[in-house]
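Engineer: Got a structure here, written out as structure tokens. Questions coming.
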Amino acid sequence: MSMFSLFLSVQLPEWACAVQLAVHPERGSDLLQFYLESPVCRPITFAYSVLENTLSIEADHAIGKNETCQVFRLKAKSKAPFLDVLKTMMDTSLPLTIEEEEEWGSPECNMEHYRSIESYCPYQNIRPQSYPSVLITAYENDQRVPLSGLLRYVNKLRMAAEQYCQSSDLPDSKKPNILLDVYPGGSHCDSLPWEESLQKVSMHLSFLHKELNLNGCKPSRDNL
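Given below as structure tokens:
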């Protein structure tokens, strides 16, 4: 179960009502199966291979694989992640800092809170290591999630990924695409116009399509 938690921590789609775990009838414990089910959608079965380090999608409960991708190239979708908890909670000029001290703590005046947040803060824990490709979207005028913080996170993540690839002598095909898509104007609570909403969804689908190599070509920063 710890292997499942480590590699496959995912946000379930809205239609998913249940997730079931099962041991593969032939492969045993080296292949972890799970499937999502819903009254409105056919069950979708996934399988994670511990030995091959791959995540595959299967049709219903069939043993044969349809599509396979390397886990380190796949990043589950996450809405509104808190990327720099420590710096945000130490800046009392931001709109939500004081309001959320009860939830996160007061790192500016409490060293125990500081060390605790530092231990799990995504920005503080960026290290040169293997990273998946990431697409982050932001609004230019979002006062609650300032663009400056996202730029710091993306730049640090890119440098860490580049440093790891250079030290490991990895080819360009193994380098992750770390992208920041900024929408002009807009704010934290604004909804996009219909056409822009479609463009945003299309962008996300295009990113996933290329990263999972569903069209048989290598993803590229130039064509996203």
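Residues -18 to -1, 1 to 206 (mature numbering (1 follows the signal peptide of the UniProt record, and there is no 0)) are what the sequence shown spells out, left to right. We treat Cβ as the ideally placed atom computed from N, Cα and C, and that holds for glycine.
Helix, strand or coil, according to DSSP, for E94 in the structure here?
Structural biologist: Translated into the one-based positions of the sequence shown, residue 94 becomes position 112. If DSSP states are grouped into helix, strand and coil, E94 belongs with the helices.
Engineer: At 3 residues or longer, what runs of the beta strand (DSSP E) sit wholly inside the region 101 to 155?
Structural biologist: 116 to 121
Engineer: Name the residue from Y113, P153, D163 and M71 whose alpha carbon lies nearest to the alpha carbon of G87.
Structural biologist: Numbered from 1 along the sequence shown, position 105 holds the residue referred to as residue 87. When each option's Cα is compared against that of G87, the closest is M71.
Engineer: To which residues does DSSP link I160 through a beta bridge?
Structural biologist: For the purposes of this step, residue 160 is taken as residue 178 along the sequence shown, with counting starting at 1. Answer is V116, bridged to I160.
Engineer: Since L132 and L161 should fall inside the 8 Å C-beta cutoff, what is the C-beta to C-beta distance between them, to a whole number of angstroms?
Structural biologist: Translated into positions along the sequence shown, residue 132 becomes position 150. Translated into positions along the sequence shown, residue 161 becomes position 179. At roughly 11 Å, the Cβ-Cβ gap does not stay under 8 Å, so L132 and L161 are not in contact.
Engineer: So, for Y113: in the same chain, excluding its five sequence neighbours on each side, which residues have a beta-carbon less than 6 Å away from its beta-carbon?
Structural biologist: For the purposes of this step, residue 113 is taken as residue 131 along the sequence shown, with counting starting at 1. Excluding the 5 residues flanking it on each side, Y113 has same chain C-beta neighbours closer than 6 Å at A143 and P158, in chain order.
Engineer: Would you kindly work out how many angstroms separate the C-alpha atoms of N123 and L78, rounded to a whole number?
Structural biologist: Along the sequence shown, one-based indexing puts residue 123 at 141. Along the sequence shown, one-based indexing puts residue 78 at 96. Computed Cα separation, rounded: 16 Å.
Engineer: If we count the other Cβ atoms within 10 Å of its Cβ and call it buried at 16 or more, is D154 buried or exposed?
Structural biologist: Residue 154 sits at position 172 when you count from the first residue of the sequence shown. When all chains shown are included, D154 counts as exposed.
Engineer: Once you ignore the five residues that flank E90 on each side, which residues in its own chain have a CB closer than 6 Å to its CB?
Structural biologist: Taking the sequence shown and counting its residues from 1, the one referred to as residue 90 is at position 108. Once the five neighbours on either side are set aside, the close Cβ partners of E90 are M72.
Engineer: Can you tell me whether R140 is buried or exposed, with buried defined as 16 or more other CB within 10 angstroms of its CB?
Structural biologist: Counting from 1 along the sequence shown, the entry for residue 140 is found at position 158. It is buried - the Cβ of R140 has at least 16 other Cβ atoms within 10 Å.
Engineer: Counting C-beta neighbours from all protein chains within 10 Å, is the total for residue 247 16 or more, i.e. buried, or is it exposed?
Structural biologist: Outside the shown range of the chain (-18 to 206) lies residue 247, about which nothing can therefore be said.
Engineer: What do you get for E193, buried or exposed, if any count of 16 or more other CB atoms within 10 angstroms of its CB means buried?
Structural biologist: Residue mapping note: residue 193 aligns to position 211 of the sequence shown, counting from 1. Its Cβ being crowded by 16 or more others within 10 Å, E193 is buried.
Engineer: Are the beta-carbon atoms of R126 and Y105 separated by less than 9 Å?
Structural biologist: The residue you call residue 126 lines up with position 144 of the sequence shown. The residue you call residue 105 lines up with position 123 of the sequence shown. No.
Engineer: Report the three-state DSSP secondary structure of E83 (helix, strand or coil).
Structural biologist: Within the sequence shown, residue 83 is the residue found at index 101, counting from 1. Helix, per DSSP.
Engineer: To the nearest angstrom, how far is it from the Cα of D151 to the Cα of Q145?
Structural biologist: Along the sequence shown, read from residue 1 onward, the residue named residue 151 stands at position 169. Along the sequence shown, read from residue 1 onward, the residue named residue 145 stands at position 163. Straight-line Cα distance between these residues: approximately 10 Å.
Engineer: Relative to the C-alpha of M185, which residue among T74, I118, E100 and C103 is closest?
Structural biologist: The sequence position of residue 185 within the sequence shown is 203, counting from 1. With distances taken between Cα atoms, M185 lies closest to I118.
Engineer: In terms of residues, what are the limits of the alpha helix (DSSP H) holding F64?
Structural biologist: For this step, residue 64 is matched to residue 82 along the sequence shown. Careful: F64 lies outside any alpha helix (DSSP H) and carries neither H nor E.
Engineer: By how many angstroms is the C-alpha of T74 removed from the C-alpha of A183?
Structural biologist: Within the sequence shown, the letter at position 201 stands for residue 183. Within the sequence shown, the letter at position 92 stands for residue 74. It is worth fixing the name first, because residue 183 is Val in this sequence and not Ala. C-alpha separation (whole angstroms): 34 Å.
Engineer: Does the Cβ of I80 have 16 or more other Cβ atoms within 10 Å, making it buried, or fewer, making it exposed?
Structural biologist: Here residue 80 is taken as the residue at index 98 of the sequence shown, counted from 1. Exposed, since its Cβ has fewer than 16 Cβ neighbours within 10 Å.
Engineer: Going by alpha carbons, who is nearest to S149 out of Q111, W176, K138 and L129?
Structural biologist: The sequence position of residue 149 within the sequence shown is 167, counting from 1. The candidate whose alpha carbon is nearest that of S149 is Q111.
Engineer: Count the other C-beta atoms from every protein chain shown that fall within 10 angstroms of the C-beta of Y121, then say buried if there are 16 or more, exposed otherwise.
Structural biologist: On the sequence shown, position 139 is the one that residue 121 refers to. So Y121 ends up on the buried side.
Engineer: Tell me which residue opens and which closes the alpha helix (DSSP H) that residue 278 is part of.
Structural biologist: What is shown of the chain runs -18 to 206, which leaves residue 278 out entirely.
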